[in-house]
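Just below is one structure, and these are the notes that go with it.
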Amino acid sequence: MSTKYIERQSFAKLTSSFPLPDFVEIQKESFRWFLQKDVPPEQRKKQGLHEVFMEVFPVQDFTGNLVLEYLGYRVEEPPYSVRECKERGRTYASPLYV
Numbered sequence: 031m032s033t034k035y036i037e038r039q040s041f042a043k044l045t046s047s048f049p050l051p052d053f054v055e056i057q058k059e060s061f062r063w064f065l066q067k068d069v070p071p072e073q074r075k076k077q078g079l080h081e082v083f084m085e086v087f088p089v090q091d092f093t094g095n096l097v098l099e100y101l102g103y104r105v106e107e108p109p110y111s112v113r114e115c116k117e118r119g120r121t122y123a124s125p126l127y128v
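In my numbering, the protein residues as written are 31 to 128.
Pasting the structure below:
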């Protein structure tokens, strides 16, 4: 095995780097759009999770005697902080009530 140093030559046209977009922020924004957590239930747009629930409900049993209707959903704050979840080996999750 050779330990000789090999000089590399760059044929790139750009000599300076440019800032990369924050790809994690794109995912977080998409999740905020989907969940609409900060929007009051009566003001939610027909998009994301709210739209899915509106398409699926009402659910009716095969006899037609029982109907399950969708009134809305709410997302509560996680019971533990990020730090507490790491210490306890828990998942950082929020309860979703429909």
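All residues carry an ideal CB built from backbone N, CA and C; glycine is no exception.
| Item | Value |
| --- | --- |
| With a CB to CB cut of under 8 Å and the five nearest residues on each side skipped, what residues in its chain are close to Val112? | Tyr122 |
| Give me the Cβ distance between Gln77 and Trp63, rounded to the nearest whole Å; I'm assuming they're in contact under 8 Å. | 7 Å |
| Just how far apart, CA to CA, sit Leu101 and Gln57? | 28 Å |
| Under a three-way DSSP split, which group does Leu96 fall into? | coil |
| Helix, strand or coil for Val112, going by three-state DSSP, please let me know. | helix |
| Can the beta-carbon of Arg120 be found less than 8 Å from the beta-carbon of Pro71? | no |
| Pop quiz: Leu98 and Phe87 are said to be a contact at Cβ under 8 Å. What is the actual Cβ separation, rounded to whole angstroms? | 7 Å |
| Which residues mark the beginning and the end of the alpha helix (DSSP H) in which Gly78 is found? | 78-86 |
| Determine, using beta carbons only, whether Arg118 and Tyr127 come nearer to each other than 8 Å. | no |
| Under the DSSP definition of a beta bridge, which residues are partnered with Val105? | Leu126 |
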